[in-house]
Structures are given as C-alpha cells and as structure tokens.
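A short worksheet on the structure shown next.
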Amino acid sequence: MAKKIRILVAKPGLDGHDRGAKVIARALRDAGMEVIYTGLRQSPEDIAAAAIEEDVDAIGLSCLSGAHMTLFPKVVQVLKKRGASDIVVAGGGIIPPEDVPKLKKAGLKGVFGPGTPLADIVDFFENAAKGRAK
Amino acid sequence: MGKDPLEALRERVKTWEKGPLKRSLDSVPERKKEFTTTSFIPVQRLYTPLDIPAFDPGKDLGAPGEYPFTRGIHPTMYRGRPWTMRMFSGFGGAEDTNARFKYLIAHGETGLSVALDMPTLYGYDTDQPPAEGEFGTCGVAVSSIRDMDLLFGGIDVASISTSMTINSPAAMLWAMYLVMAERRRVPWSKLRGTIQNDILKEYQAQKEWIFPPEPSMRLVVDTFEFGAKKVPQWNTISISGYHIREAGATAVQELAFTLRNGIEYVKWGIERGLDVDDFAPRLSFFFNSHNDLFEEVAKYRAARRIWAREMRERFGAKNARTWWLRFHAQTAGVSLTKQQPLNNVVRTTVQALAAVLGGAQSLHTNSYDEAYQVPNEEAARIALRTQQILAHESGVANTIDPLGGSYFVEWLTDYMEDEAYKYFDRIEALGGVIPAIRKGFFQQEIANSAYRYQKEVEDRERIIVGVNEYVEDEETEVTPLRVTKAAFHRQLARLKAIRAERDAKKWRRSLDALHKAAEGDENMMPHIVDCVRAEATLGEICDTLREVFGTWEEPLLY
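Those protein sequences? They're chains A and B, same order as listed.
The first sequence begins at 3 in the working numbering and counts up by one.
The second sequence begins at 2 in the working numbering and counts up by one.
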C-alpha cells in the first residue's frame, strides 16, 4: 500500500483568520491525505520543527494579515537551515499579485489566492508529494 | 355567513397547484430541485398567509420604537436621521490612518471606526518580537497614548463618535482614548463611541485573545461598571456576530451565538451586582450583512425581537432602552472576490441594502479591493458613496421596515427566531457559553458550515460570478496600498522616546498597582487609566496582566 501523503497546515504569525486553513485541512483529509493542523500563532521556527518531526511531505501556510512577505520565506529558510529543504512549502491568503513572484523566488512552490478551487490545491499537494518521493 | 378568508385562500392555492402550476412545471421544470438561502435554509416557491397562520401584527411586530421592536427601535427610523456611515479604517502608523480619517470625513463619513493591526489586537507593542512583520498591515498600530493622540490629531472627539475594533485589550485602548480626551480637556461625559470588547466571539471565531475566558470576562464587566459611572454615552461592548459569520457560520448560527453571548454578558454584569437597567442600555451589537437579502433582513428583525423579549422577560429590565437591540452592520468581507474585483461594488450594494432594510443604526461598506489588500483611497470612497446613494437616491429610507408584512420575510423571521432558541437549548445542555467554548462546540459548528459552503461552491451548486461561472482570464489592476518602512521607523522611534521620557517612578508605580488590583478583585479599569496617564505602553500593560492571568490555548479542531 502506498504511504499516505502527509501535510502540515499551519498559521504563521498573529493572524487569527482560520476559516481558509481549516477548509483546506479538511479538503486534503477528504482527499485521503494525513493532515496535521498546527493551530494559530506559530512562529516559522515552530512550523519548521513540527514539519520535520511529523515527517510531512509539504506545508500549507495561511496568512490573511499581510505579514506573508516576512513569515512565508522565513519558513523556507528555517527548513533549509535544518537540512529539510525537500519539504515543499506553499502558501495562501490575501496576497497582492506583485508579491507572488517574490514569494516564488523565496522558495515557495505554490501561492494561492482567494477563489482558488479546492481541487487545484489537492492536485498541487499530490504532485508535490510525488515529486518528493522520486 | 362568508367563508373564512384563509380557507378560501387554501382552496385557491390548491386549485392553482393542480392547474396552472402543474402545467407550467410539466412544460418547464424549475432550475433546481431545492432552492436554499445562502445559509442552507430551504425556500419555497411561494409564501402566502397560510405559511404564517399564527401571525399577529400587533403582537409580533408592534409599532416602530415599541416592544418588541421588530420594525425598528426608533419611531421615525431613517426619516429622522439616516444611519451613521462609519467606515472601518486603519493601516500603517497613526499619521497614515489620521489622514485617511480626514479624507473620509471630508467625503461625508459621519462616524469613525478604527481598524488596529495584529500586534495591537494581541496586546503587543510594535517593537515586541511577536509583532515581527505585522506592523500596520491590516490596521493601524497603537502602542501608546502618543499614538492615540496622533491618530485623532485635528479631529474633534467631542463631536464625532468613534468605534474601535479591539477586544482582548479593549480596556487599554479605551483608556488611551479617555486619556487623550482628558489631555484635550474634553469631558468624558461628552464622548460617544464604542469598543468592541466582545471576548466570547474571539474564542469562538475571530481568535484574537490574550487571557483565558474568566479573567477576560472580568475585564469586560469592569468596563461595563466603569462606563456606567464615568462615560455614560459610551457603548462598552459591541456584541459581534460579524466575525462568527465571516469564519463560516450560517445566518442562524450568527444570530444564535451572538445573542446567546449577549445574554452571557448580561448574566455576568448582574452577578457583579450591577442593575441591568444601569449597564445593559450601553450594550450594542454588530452583525454581518451577506448576499442573501431576505435572509439578512429576517435575521435583524428576529434579533431585535429575541433581545427585547430576553431583556424584559428573562432579566426583568424596566427601561425601554435596555430592550433595544442597536446594531452596526458591515457588508460581508468573505463574499468579496479577487476575480473581477469591480463586481464587488455590486455585491456590497446588495448587502448594504439588506442592512438598511433591516434597520441598522450604522453601517460600514467594504471596498472592492479587499480580496487584495487593505482598501486604497479610491475604493474606500466608492464604498462610502454606495451608502450615500442608498440613503439619498434609492428611496429605501423613506418608510420604516418596508418588508414588514411580506409573507416570506415574516415566515423567515419566525423561523430564524425558533432556530436560534434551539441553539440556546443546545448551549445550555453543554453547560453554558464558556464550557461550550472549551468543548469546541461553536468552533466545530462554524467549521462545519464553512466546509459545507465551500463544497457547494466547489460542486457548482452555488454560483459565484467570476469564480466558478462567467470566468475571465484577464487580470484586473488594483492600485496597491503599501505600508511604508518610514511609518514603521517613526513608530519605533516614538516607542523609544516614550520609554526614555516618561517619569519612570510613576510608570513603575502604576503597573505595580494594576498588578495588585488584578490579583485581588477590584475593578481594574481605573488602574489601567492610571497606567496610560503614566505613559505605560499597551504591551507593558498587557504583559502585567499576562503575568497574573496567564494566556489561553484553544482546542485544536478543523
């Protein structure tokens, strides 16, 4: 039997808007993945540590407060520092279009804005896990 | 003797169903098997007096300004004065938001509403580590009395009312506002405004808390008591369904959870020994205004009726003002789309119309660019203009409760009221509001509704224009709004200056006195005001209380 895909859904920073993160967590779970939800107010260090400890394939970050440019790249950096750059990082929230290329350059493999179909996000994580298994 | 008119109608409807309706359905079936509101309530093809057989206009509606206030809390409603146009604003530092306030006032806004940034909402100063990356991004940073003073620079606080969306640190921000007024020699008796101060919905939905529920509730009741004595025109709470709805709740859940929270605050106030008629008239409400026009109108009407009844019957309030449910409405942020953003102007218009038809006392209209960012100036102006067009051009403010007597709206009002009481019973069965929070009841109910809604969008059972139908490839340009680095550095410099310049002895004494008061059981509000007078920062005051009360961790679920 194939190993279940493991995803960490995380809320970095102070933002309390958790509707999106919870909906995504549930959609990934319904798609057959193993989902770990960190809860609110996690530092990039907390998130990276949880991802390594839980041996996840990918991390989905959610931030609607506007702090994504500081917090998202930091998660990538901490993973790198801890030798876990193979964990795929993606993020979503209220993210102005001009920030998307900057986040990608900073190492995020996916950036999702409002209105993204759940199916696209499920596909993204399935592909991310496949890519990692190679 | 003539036939009973209802009987006659019943026969008429039956004949219609068997004849013209059946023929019509046979040739052209309806678009869907089941029609529902935005909140999943099944909606019939037609409503008639047969759907509200017990309807008693005298008892169920009364007259405007009279119990049970279904039609509105004032005898003349908008014919006397339109609702307050109050735009929720805040970004960057105090200077940035002060400029936006002045811009909106110059364009006809009639009340102020402050959006604070994340660190402020959590009781942190801009220079504390958890604030990293969050300065001014989704509201203005107010770390001290000096920021508060700049925020209202050149604005006459004796003549305009101010609402502040602040919860866990509500007492602290209110104290800053009071001390700001004091320094300008404006008596507190003249101040009008609102602090949101609704901590229960933070645990349930908005998730910006500091302390555990019990000490948080104590702080809330401290403000009730202090306000009743010292700041008589201030609304010491705005019991908010808005965030519950935004987090995914249905209209019924928003109604039920908000009113049950309201009842909880009244219970705590009475337990403190306060007279319900002394503090409850200053309790105000805040609801969402979503897309489904009739559902929203019914919700507001049901809310007024439930509150009036609970205040009069359950708590024995004698003052008619205690029975009033006064509310602010905000259009649904969650309904705004990133795709084809100008369509959001239309959504906001429909939602604002619902709030007006539902008898709101004040209204915020969202800007079309909010799926991208905190609103730019132009988008905020159009949102304000939307209200002005409704007030002056549409004619909807000419008569009171124009949907009153609609078979559908009356049926839906009754239905929502009944459903709210069912939730009250479920919450009671869990031991009340705080035990239900600890069990994750509200959080799970809200998450379930949010997921159900998203699934329906995903399965295209719900059409969202521009998102899952009428999709376009073109990207629309939205003028970006950016918080400047300069604003951040000004804020850091201001914090450094206040720490260097204040009287260190006085500052230390004020924080020690607050610490002691928190350990005992006296009202903390006068001590918080003293801390602000001594120029203690928000973070310092909140850290003092964190030491005494600890912090809250929520049950994890999704």
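Glycine included, each C-beta is placed from N, C-alpha and C at the ideal position.
Computed from a prediction, not measured in an experiment: that's the story for all the values here.
Tell me the rounded alpha-carbon separation between residue i and residue j.
{"i": "P98 (chain A)", "j": "R261 (chain B)", "result": "38 Å"}
{"i": "V277 (chain B)", "j": "A318 (chain B)", "result": "6 Å"}
{"i": "V25 (chain A)", "j": "R463 (chain B)", "result": "17 Å"}
{"i": "E135 (chain B)", "j": "L22 (chain B)", "result": "59 Å"}
{"i": "L66 (chain A)", "j": "S450 (chain B)", "result": "20 Å"}
{"i": "R147 (chain B)", "j": "R87 (chain B)", "result": "24 Å"}
{"i": "D17 (chain A)", "j": "Q374 (chain B)", "result": "14 Å"}
{"i": "T166 (chain B)", "j": "K208 (chain B)", "result": "13 Å"}
{"i": "Y243 (chain B)", "j": "Q331 (chain B)", "result": "7 Å"}
{"i": "D128 (chain B)", "j": "M177 (chain B)", "result": "19 Å"}
{"i": "I96 (chain A)", "j": "E476 (chain B)", "result": "16 Å"}
{"i": "L122 (chain B)", "j": "E215 (chain B)", "result": "19 Å"}
{"i": "G117 (chain A)", "j": "N399 (chain B)", "result": "38 Å"}
{"i": "G81 (chain B)", "j": "W412 (chain B)", "result": "29 Å"}
{"i": "M526 (chain B)", "j": "I161 (chain B)", "result": "24 Å"}
{"i": "R193 (chain B)", "j": "N236 (chain B)", "result": "8 Å"}
{"i": "W189 (chain B)", "j": "S114 (chain B)", "result": "19 Å"}
{"i": "R13 (chain B)", "j": "G406 (chain B)", "result": "21 Å"}
{"i": "Y471 (chain B)", "j": "K202 (chain B)", "result": "36 Å"}
{"i": "L10 (chain A)", "j": "V37 (chain A)", "result": "6 Å"}
{"i": "R184 (chain B)", "j": "D544 (chain B)", "result": "25 Å"}
{"i": "F396 (chain B)", "j": "P54 (chain B)", "result": "First, the amino acid is wrong: residue 396 (chain B) is Gly here, not Phe. Going by the C-alpha atoms only, they are around 31 Å apart."}
{"i": "D199 (chain B)", "j": "W210 (chain B)", "result": "10 Å"}
{"i": "R134 (chain A)", "j": "T40 (chain A)", "result": "22 Å"}
{"i": "V335 (chain B)", "j": "A514 (chain B)", "result": "43 Å"}
{"i": "P50 (chain B)", "j": "D522 (chain B)", "result": "56 Å"}
{"i": "V58 (chain A)", "j": "T259 (chain B)", "result": "38 Å"}
With a CB to CB cut of under 6 Å and the five nearest residues on each side skipped, what residues in its chain are close to residue i?
{"i": "I438 (chain B)", "result": "Y204"}
{"i": "G109 (chain A)", "result": "V78"}
{"i": "A535 (chain B)", "result": "K507, W508, S511"}
{"i": "G270 (chain B)", "result": "V222, F225, F280"}
{"i": "F286 (chain B)", "result": "I240, L326, F328"}
{"i": "I499 (chain B)", "result": "S145, R147, E536"}
In the DSSP output, which residue or residues are listed as bridge partners for residue i?
{"i": "R87 (chain B)", "result": "B:G112"}
{"i": "H329 (chain B)", "result": "B:F287, B:S363"}
{"i": "I38 (chain A)", "result": "A:L10"}
{"i": "L44 (chain A)", "result": "In the sequence on display, residue 44 (chain A) carries Gln and not Leu. In the DSSP output, where bridge partners are listed per residue, Q44 (chain A) has A:P14."}
{"i": "F258 (chain B)", "result": "Answer is none; F258 (chain B) lacks a bridge partner."}
{"i": "E31 (chain B)", "result": "In DSSP, E31 (chain B) forms no bridge with anything."}
{"i": "E470 (chain B)", "result": "B:V466"}
{"i": "V44 (chain B)", "result": "B:F36"}
{"i": "V141 (chain B)", "result": "B:L117"}
{"i": "M165 (chain B)", "result": "B:V115, B:I196"}
To which residues of the same chain is residue i closer than 7 Å at the C-beta, ignoring the five residues directly before and after it?
{"i": "E35 (chain B)", "result": "P43"}
{"i": "K106 (chain A)", "result": "V113"}
{"i": "K76 (chain A)", "result": "P46"}
{"i": "D370 (chain B)", "result": "P342, P376, N377, A380, V479"}
Using CA atoms only, rank isn't needed, just tell me which of the options is closest to residue i.
{"i": "V180 (chain B)", "options": "B:G263, B:P216, B:V533", "result": "B:V533"}
{"i": "K33 (chain B)", "options": "B:R461, B:T485, B:L557", "result": "B:R461"}
{"i": "L493 (chain B)", "options": "B:K15, B:S145, B:P65", "result": "B:S145"}
{"i": "V232 (chain B)", "options": "B:R283, B:S90, B:D61, B:H108", "result": "B:R283"}
{"i": "H291 (chain B)", "options": "B:E255, B:A303, B:P556, B:V410", "result": "B:E255"}
{"i": "E56 (chain A)", "options": "A:A12, A:L42, A:K83", "result": "A:A12"}
{"i": "A299 (chain B)", "options": "B:A518, B:W17, B:E555, B:E418", "result": "B:E418"}
{"i": "D122 (chain A)", "options": "B:E459, B:H365, B:A95, B:P130", "result": "B:E459"}
{"i": "E38 (chain B)", "options": "B:E297, B:R491, B:Q445", "result": "Note on residue identity: the sequence assigns Thr, not Glu, to residue 38 (chain B). Of the listed residues, the one whose Cα sits closest to T38 (chain B) is B:E297."}
{"i": "R315 (chain B)", "options": "B:A303, B:H365, B:G263", "result": "B:G263"}
{"i": "L391 (chain B)", "options": "B:L358, B:Y559, B:I156", "result": "B:L358"}
Can you name, in chain order, every residue of its own chain whose Cβ lies under 8 Å from the Cβ of residue i, other than the five neighbours on each side?
{"i": "A309 (chain B)", "result": "Y68, P69, F70, W324, W325, L326"}
{"i": "G433 (chain B)", "result": "E265"}
{"i": "F212 (chain B)", "result": "S169, L220, L546, R547, F550, G551, T552, W553"}
{"i": "D126 (chain B)", "result": "P120, A132, S144, S145, L496, T538, L539, G540, E541"}
{"i": "G73 (chain B)", "result": "P65, G66, R305, G360, I401, D402"}
{"i": "I447 (chain B)", "result": "Q205, A206, I245, A248, G249, A250, Q254"}
{"i": "G68 (chain A)", "result": "I96"}
{"i": "G93 (chain A)", "result": "G62, L63, S64, C65, H70, F74, L105, L110, G112, V113, F114"}
{"i": "V530 (chain B)", "result": "A176, L179, V180"}
Is there at least one non-hydrogen atom of the ligand HEM closer than 7 Å to the beta-carbon of residue i?
{"i": "H329 (chain B)", "result": "In the structure shown, the ligand HEM is absent, as is every other ligand, since no ligand is present at all."}
- Item | Residue ranges of each alpha helix (DSSP H) within the stretch 180 to 252 of chain B, 4 or longer | Listed in chain order, the complete alpha helix (DSSP H) runs (minimum 4 residues) inside the stretch 180 to 252 of chain B are 214 to 231, 243 to 247.
- Query: Which runs of the beta strand (DSSP E) spanning at least 3 residues fall entirely within the stretch 47 to 133 of chain A, listed in chain order?
  - Reply: With a minimum length of 3 residues, the continuous beta strand (DSSP E) runs that stay inside the stretch 47 to 133 of chain A are 60 to 65, 90 to 95, 112 to 114.
- Within the stretch 369 to 454 of chain B, note down every full alpha helix (DSSP H) run reaching 4 residues or more, in order along the chain. The alpha helix (DSSP H) runs of length 4 or more contained entirely in the stretch 369 to 454 of chain B are, from start to end of the chain, 378 to 393, 408 to 430, 434 to 439.
- Quick one: which unbroken alpha helix (DSSP H) runs of 4-plus residues sit fully inside the stretch 52 to 109 of chain B? Chain order, please. Listed in chain order, the complete alpha helix (DSSP H) runs (minimum 4 residues) inside the stretch 52 to 109 of chain B are 95 to 107.
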